[in-house]
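Residue numbers (my numbering), protein chains in the order written: chain A, 15 to 174; chain B, 8 to 141.
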Amino acid sequence: MIPGKLVRFLEHHANVAFAGTRDSDLVPFGHRVSGWRVGADHRTITFLFPDEFHARLLESLQQNGALAVTLEEFPSHETYQFKGRFVRHREIQDADLENVDRIRQRFVKSLRPMYPHAPEDVLKRFVSPPSLAVDFEVLEIFLQTPGPGAGTRLVPPMDR
Amino acid sequence: MARLPPEIRPVLDNGTPAVMVTCSADGTPNTTVISQVYYVDETHAALSFQFFSKTIRNVRENPHAFVCVFDIAGQAHWALQLAFERSETEGPIFDAMEMQIEAIASMTGMSGIFKLRAADIYRVLSVEKVPHAD
Chain A
15 MIPGKLVRFL
25 EHHANVAFAG
35 TRDSDLVPFG
45 HRVSGWRVGA
55 DHRTITFLFP
65 DEFHARLLES
75 LQQNGALAVT
85 LEEFPSHETY
95 QFKGRFVRHR
105 EIQDADLENV
115 DRIRQRFVKS
125 LRPMYPHAPE
135 DVLKRFVSPP
145 SLAVDFEVLE
155 IFLQTPGPGA
165 GTRLVPPMDR
Chain B
8 MARLPPEIRP
18 VLDNGTPAVM
28 VTCSADGTPN
38 TTVISQVYYV
48 DETHAALSFQ
58 FFSKTIRNVR
68 ENPHAFVCVF
78 DIAGQAHWAL
88 QLAFERSETE
98 GPIFDAMEMQ
108 IEAIASMTGM
118 SGIFKLRAAD
128 IYRVLSVEKV
138 PHAD
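Below you can see the structure in the form of structure tokens.
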């Protein structure tokens with residue numbers, strides 16, 4: 015179960031995400047994530063991937079199911095990593111595009127102080143339109159905010 | 008072995024944040040934000056070892072790593088496949104990375120949190136520029 019505090023972080027604050035998979039030889043690959051939405055059950059998250067990061071994504075997920083995704087709020091650096099299993103994939107729906115638009119706006123707003131003169135469309139292009147939705151069951155959540163607590167497992171708690 | 012193109016050098020020198028993916032021996036991937044990818048030479052990059060982390064444990068049991076560098080000015084990502092070779096705790100690479108990481112920490116409000124323990128040296132296996140979609 016994803017704690018309420020982290021659901022709020024994902025829905026309102028996180029503005030950049032990156033996913034990791036691996037192949038049958040344990041070679042890792044990375045995939046930029048354009049958007050995400052927490053499932054109503056608070057146990058699953060749908061991640062939205064752009065075309066340019068599809069390489070090896072579905073092949074690896076269907077072969078072994080392992081997925082890890084780090085989500086960060088820039089520039090505060092509050093960061094969490096979600097690990098779990100691939101459930102299913104589907105095509106993009108209108109609601110997914112609206113979801114990515116909201117996250118893109120959040121991301122551009124966070125970058126603006128660093129790039130005060132960059133054209134809006136240049137910054138917006140950093141979050142590509144999604145072309146694939148992947149449902150993912152969350153099994154573990156780790157704190158990754160830089161500092162001595164980084165790496166602490168939050169879900170399930172460390173003593174279990 | 009692949010070679011880092013000259014075009015990537017200014018991106019790395021600017022201290023752009025990056026994301027690293029590793030995999031444990033039991034097959035669990037791990038993703039983490041890293042503050043620095045240091046250009047060593049055409050065929051090697053160094054990553055900062057700051058905390059005793061899952062990433063550090065993973066690359067010592069499975070040397071494969073994937074790094075994605077965000078090139079906002081160049082409107083692209085750089086995707087690098089790397090293989091861990093060795094760790095250095097002193098010398099010119101360590102000293103240069105330590106100086107750069109202190110500057111990054113100062114700029115990002117992370118002074119006192121970022122501390123370089125070692126410079127981990129990786130061989131570049133492949134490098135690909137991934138342009139942003141239009």
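C-beta: ideal position from N, C-alpha, C; glycine also.
Scanning its chain for C-beta atoms nearer than 8 Å, with the 5 sequence neighbours on each side dropped, one finds around Ser60 of chain B the residues Thr39, in chain order.
Ile100 of chain B and Val47 of chain B have their C-alpha atoms roughly 7 Å apart. Each of B:Ala140, B:Pro138 and B:Val131 was checked against the Cα of Met8 of chain B, and the nearest Cα belongs to B:Val131. In its own chain, leaving out the 5 sequence neighbours on each side, no residue places its CB closer than 6 Å to the CB of Glu14 of chain B. DSSP places Glu105 of chain A outside both helix and strand once states are collapsed to three, so it counts as coil. In this structure, the beta-carbon distance from Phe56 of chain B to Asp102 of chain B does not fall below 9 Å.
Taking the C-beta atoms as reference points, Ala80 of chain B is found nearer than 9 Å to Val18 of chain B. Here Met104 of chain B is buried, its C-beta having at least 16 other C-beta atoms within 10 Å.
Going by DSSP, Thr38 of chain B is part of the beta strand (DSSP E) stretching over Pro36 to Ile41.
In this structure, the alpha-carbon of Tyr129 of chain B lies about 20 Å from that of Asp37 of chain A.
Using a CB distance below 8 Å, the part of the stretch 21-37 of chain A facing chain B consists of Phe32, Ala33, Gly34, Thr35 and Arg36, ordered along the chain.
Between the alpha carbons of Val114 of chain A and Gly98 of chain B lies a gap of roughly 45 Å. Listed in chain order, the positions of the stretch 54-74 of chain A with a beta carbon within less than 7 Å of a beta carbon of chain B are Pro64, Asp65 and Glu66. Partner residues in the beta bridge of Arg167 of chain A, as assigned by DSSP, are A:Phe156. Going by beta carbons, Ala82 of chain A and Gln107 of chain A fall outside the 9 Å limit. In the structure shown, Ser48 of chain A adopts coil according to DSSP, grouped into three states. Between the stretch 121-133 of chain A and the stretch 148-167 of chain A, the count of Cβ pairs shorter than 8 Å is below three; the stretches do not touch.
Between Ile59 of chain A and Phe140 of chain A, the CB-CB gap reaches or exceeds 9 Å. Residues of chain A whose Cβ lies closer than 7 Å to the Cβ of Lys61 of chain B are, in chain order, Gly165. Residues of chain B with a Cβ closer than 9 Å to the Cβ of Leu81 of chain A are, in chain order, Pro36. DSSP places Gln95 of chain A in the strand class (E or B) of the three-state scheme. Note that the stretch 57-76 of chain B touches the stretch 87-96 of chain B; at least 3 beta-carbon pairs, one per stretch, sit closer than 8 Å.
Neighbours of Thr29 of chain B across chain A, judged by C-beta separation under 7 Å: Pro42.
Short of 7 Å from the beta carbon of Arg118 of chain A, and not among the five residues preceding or following it, lie these beta carbons of its own chain, in chain order: Lys138 and Val141. For Asn69 of chain B, the C-beta contacts it makes with chain A under 7 Å involve Leu40, in order along the chain.
Take the alpha-carbon of Ala83 of chain B and the one of Val66 of chain B: they are about 26 Å apart.
The closest CA to that of Val152 of chain A, considering only A:Gly44, A:Arg57 and A:His26, is found on A:Arg57. Distances from the CA of Asp20 of chain B to each of B:Ala125, B:Ala53 and B:Arg10 were compared; the closest alpha carbon is that of B:Ala53.
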